[in-house]
Amino acid sequence: MKIGLGVLFATVLACGGGDLNTAMNGTWAGQATLTISGESPQTIPGGVQVAVSRQSATFTGVCLDNSGSVTAHGSGNSASWSGSLVCPAVQFTCGPVVMTFQSASATLNGSTMNVQGAGNAAGCGLSKGFTISLAGTKQ
Numbered sequence: 022m023k024i025g026l027g028v029l030f031a032t033v034l035a036c037g038g039g040d041l042n043t044a045m046n047g048t049w050a051g052q053a054t055l056t057i058s059g060e061s062p063q064t065i066p067g068g069v070q071v072a073v074s075r076q077s078a079t080f081t082g083v084c085l086d087n088s089g090s091v092t093a094h095g096s097g098n099s100a101s102w103s104g105s106l107v108c109p110a111v112q113f114t115c116g117p118v119v120m121t122f123q124s125a126s127a128t129l130n131g132s133t134m135n136v137q138g139a140g141n142a143a144g145c146g147l148s149k150g151f152t153i154s155l156a157g158t159k160q
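This is the structure:
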């Protein structure tokens, strides 16, 4: 019986609590709020495409120019990612700014996908932290 329990324990560890909800799949869009440290928040159109496979969710269109992707991991209605995603420079009124994501998370709450990201924005002679959040609905 020890072998059977060992196999069961290993299986539970490998699964890590179940797969992500496939209802997360699809294109999600809505208004996003971008906040750069020390600056006023900006509301911009936002969106992301999500493809779920078991405990992984690939988020595409993460950057402000709709490029970039990250693969988050989780179970049920929540997934998170940490690492480094350097986005192409985008033009702000002061000049080009490069945004580097360092973390992101997503939670499906009914018919709304709440996505948050954080990292560093560098350009215009400054380097500051930023956050971005999106409450999106499926398109």
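Positions 22 to 160 (the working numbering) are the ones given, in order, by the sequence shown. Heads up, the beta-carbon is just placed ideally off N, CA and C, and yes, glycines get one too.
For Thr81, the enclosing beta strand (DSSP E) starts and ends at 77-81. For the set Gly131, Ser90, Gln160, the Cα lying nearest the Cα of Gln123 is the one of Ser90. The beta carbons of Ala78 and Gly67 sit about 17 Å from each other, so the pair does not count as a contact at 8 Å. For Asn135, the enclosing beta strand (DSSP E) covers residues 133-144. Between Thr54 and Ile153, the CB-CB gap stays under 8 Å. In this chain, the beta strand (DSSP E) harbouring Thr56 covers 47-57.
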